[in-house]
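J.:
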Amino acid sequence: MTGPSLQKLRALAEEVIQNSYSPYSGFRVGALILSGEDGLPFSGVNVENASFGLTVCAERNALFKAVGEGIQTFSYLYILSDGEEPPLPCGACLQVLNEFCPPDMPVTCESWSGAQRTFLLRDLLPFGFSFHKSE
């Protein structure tokens with residue numbers, strides 16, 4: 000992985016998770032996605048809304064921030080929650096990640112207590128939708 004160490008990502012996520020807006024669920028999530036070019040981290044948090052369908056997850060928030068800054072290739076995703084179990088990305092986040100990220104991109108999910116799991120994106124979304132023909 001090019002970019003910050005896992006320990007550094009955890010420290011950055013602990014800072015950013017404080018900005019989570021989660022008054023309805025109380026479930027705070029922070030995410031960092033690394034640029035595929037230089038490993039620069041882009042952060043995001045979950046932002047809830049009274050109209051639950053308008054809530055934005057931390058993973059999409061981080062990715063959209065990076066895309067807004069001109070980044071369209073990614074190499075790693077780190078997700079931290081204050082829950083007891085490692086937080087897995089939802090289907091909407093996985094589909095958005097599928098648009099920009101390679102199938103072999105590692106995704107590390109960690110709980111506040113340190114329980115951790117790492118997956119490849121293709122294992123989390125093996126049949127993501129795409130307009131591109133399979134090769």
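Residue 0 is where the sequence shown starts when you use numbering that gives the first Met the number 0, and the numbers rise one by one after that.
Using N, Cα and C, we set each Cβ at its ideal position, and we do this for glycine too.
None of the values given here were measured: they were computed from a predicted structure.
Ignoring anything shorter than 3 residues or poking outside the region 59-91, list the beta strand (DSSP E) runs there in chain order.
T.: 73-80
J.: Opposite residue 40 in the DSSP bridges: which residues?
T.: The partner list for residue 40 (beta bridge, DSSP) reads 33.
J.: Does residue 27 come out as helix, strand or coil in the three-state DSSP assignment?
T.: coil
J.: What does the alpha-carbon distance come out to for the pair residue 117 and residue 108?
T.: 6 Å
J.: Roughly how many angstroms lie between the CA atoms of residue 39 and residue 127, to the nearest whole one?
T.: So the two alpha carbons sit approximately 26 Å from each other.
J.: Secondary structure at residue 98, three-state DSSP: helix, strand or coil?
T.: Residue 98: helix per DSSP, three-state reduction.
J.: Where do the ends of the beta strand (DSSP E) carrying residue 115 lie?
T.: From DSSP, the beta strand (DSSP E) with residue 115 extends over 115-119.
J.: Cβ atoms of residue 59 and residue 92: under 8 Å apart, would you say?
T.: yes
J.: For residue 122, which of 87, 37, 9 has the nearest alpha-carbon?
T.: 87
J.: So residue 41 packs on residue 32, CB below 8 Å; how close in whole Å?
T.: 5 Å
J.: Exposed or buried, what is residue 89 when buried is set at 16 or more other beta-carbons lying within 10 Å of its beta-carbon?
T.: Residue 89 is exposed by the Cβ-count criterion.
J.: Assign residue 53 to buried or exposed, taking buried as 16 or more other Cβ atoms, counted over all protein chains shown, within 10 Å of its Cβ.
T.: exposed
J.: Does DSSP put residue 109 in a helix, in a strand, or in coil?
T.: Strand at residue 109.
J.: Using only CA atoms, which one of 5, 72, 28, 45 lies nearest to residue 34?
T.: The residue with the shortest Cα to Cα distance from residue 34 is 72.
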